[in-house]
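Participant: Sequential numbering from 3 applies to the sequence shown in my numbering.
We put the CB at the ideal spot given by N, CA and C, even for glycine.
Note that the coordinates shown come from a computational prediction; the quantities given were computed from them, not determined experimentally.
Below are the structure tokens for one structure; questions will follow.
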Amino acid sequence: MEETENNEYERSHSPLKYKSKWPLLRNVIRAISLFKSHEVNEAKDVNELIHEINAIPTDKVYRLKRNRSRENSAYIVAIKDLRREQSLIQCVERGKPEDLDQIKLEIEQDPYKLLRNSTHPFSLINKRNREGQTPLYIACKNGNVEVVMLLLAEGADYLMTSIVDGEEETNLEVSVRWGHFKIVEELLKKKWSKNILEKAKKMCRSPEMIGLFKKGMTKKSKWFLCCCIKS
Numbered sequence: 003m004e005e006t007e008n009n010e011y012e013r014s015h016s017p018l019k020y021k022s023k024w025p026l027l028r029n030v031i032r033a034i035s036l037f038k039s040h041e042v043n044e045a046k047d048v049n050e051l052i053h054e055i056n057a058i059p060t061d062k063v064y065r066l067k068r069n070r071s072r073e074n075s076a077y078i079v080a081i082k083d084l085r086r087e088q089s090l091i092q093c094v095e096r097g098k099p100e101d102l103d104q105i106k107l108e109i110e111q112d113p114y115k116l117l118r119n120s121t122h123p124f125s126l127i128n129k130r131n132r133e134g135q136t137p138l139y140i141a142c143k144n145g146n147v148e149v150v151m152l153l154l155a156e157g158a159d160y161l162m163t164s165i166v167d168g169e170e171e172t173n174l175e176v177s178v179r180w181g182h183f184k185i186v187e188e189l190l191k192k193k194w195s196k197n198i199l200e201k202a203k204k205m206c207r208s209p210e211m212i213g214l215f216k217k218g219m220t221k222k223s224k225w226f227l228c229c230c231i232k233s
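Have a look at this one:
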């Protein structure tokens, strides 16, 4: 009996058994050292970084649920709105022929226009940028007739003012101030209050612009007189 116990003790404490456990211990030590060291891969652009992140093995179902929740989060929605706004403003500022299609696309995909209408103050077509200026105001200031016509056709609120040096200014005023005759001619086809027309007229610097205002205001006066007689 005593001899049997001694044999079992010797087997349990034999050098061979301890030797068999060394590979396991080495693996544990190696794993710890790998966790402590960081592999650094330099990503050349954002797309490459996203690809590297997506390559990390994770549960597919969890990843899908996580992406769906992120897409609907307030933060992601705000980021998308900001990118859409920046894209529209950049296209309006450039005003190149190839920008017109992108402007139209951004406006058509605007959630506020789809859920409500383009006259909503938060709609992309009327939203002021960080300087307090609307897309239509920027186009009028830059004298880009094609962009102005497109924004008006898409339902931009031409009466909405922009902020300049802490004061409000209309699209008509900025067009007159910069001497954009064609845009002023187009805007005068719209309905304006007498005060706005008088204020914009005082900013005229050329005989042609003054004549344009006189002609436009005369037509409006005749229209108003006819309406009064009929009523």
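To the nearest angstrom, how far is it from the Cα of I185 to the Cα of E50?
Facilitator: So the two alpha carbons sit approximately 45 Å from each other.
Participant: For the segment 170-179 and the segment 109-117, state whether three or more C-beta atom pairs, one from each stretch, are separated by less than 8 Å.
Facilitator: Output reads no: the segment 109-117 does not touch the segment 170-179.
Participant: Please state the DSSP three-state secondary structure of I165.
Facilitator: DSSP places I165 in strand when its eight states are reduced to three.
Participant: Thinking I127 and I109 are a contact (beta carbons under 8 Å), I'd like their distance in whole angstroms, please.
Facilitator: Rounded, the Cβ-Cβ distance is 5 Å, consistent with contact.
Participant: Going straight from the alpha carbon of E156 to that of R96, what length do you get?
Facilitator: Distance between the alpha carbons of E156 and R96 is about 18 Å.
Participant: What's the call for K98, buried or exposed, on a 16-neighbour Cβ count within 10 Å?
Facilitator: Flag for K98 reads exposed.
Participant: When you compare only the Cα positions, how much space is there between G218 and V79?
Facilitator: Going by the C-alpha atoms only, they are around 44 Å apart.
Participant: Where does E171 fall in DSSP's three states?
Facilitator: If DSSP states are grouped into helix, strand and coil, E171 belongs with the strands.
Participant: In the segment 178-222, which residue ranges form an unbroken alpha helix (DSSP H) of at least 4 residues, counting only runs that do not cross its ends?
Facilitator: Whole alpha helix (DSSP H) segments, 4+ residues: 183-189 and 196-203.
Participant: Would you mind reading off the limits of the alpha helix (DSSP H) that contains L126?
Facilitator: Counting along the chain, L126 falls outside any alpha helix (DSSP H), and DSSP gives it neither H nor E.
Participant: In angstroms with no decimal places, state the Cα-to-Cα distance between V181 and Q111.
Facilitator: Looking at the sequence shown, residue 181 is not Val but Gly. When rounded, the distance between both Cα atoms is 33 Å.
Participant: With a Cβ-Cβ cutoff of 7 Å, do I81 and C93 count as a contact?
Facilitator: No, the pair does not count as a contact, with Cβ atoms beyond the cut-off.
Participant: Determine, using beta-carbon pairs with one atom in the segment 188-208 and one in the segment 158-172, whether at least three such pairs fall under 8 Å.
Facilitator: Output reads yes: the segment 158-172 touches the segment 188-208.
Participant: Whose C-alpha, out of K204, V149 and N131, is nearest the C-alpha of D101?
Facilitator: Ranking the options by Cα distance to D101, first place goes to V149.
Participant: By the 10 Å Cβ neighbour count, where 16 or more other Cβ atoms means buried, how is L138 classified, buried or exposed?
Facilitator: Per the 10 Å Cβ criterion, buried.
Participant: S164 and G134 look like a contact to me (Cβ under 8 Å); what is the Cβ gap, rounded to whole Å?
Facilitator: About 6 Å; that satisfies the 8 Å criterion.
Participant: What I want to know is whether the C-beta of C93 ends up closer than 6 Å to one or more non-hydrogen atoms of the ligand PLP.
Facilitator: Looking at this structure, you won't find the ligand PLP or any other ligand, since it has none at all.
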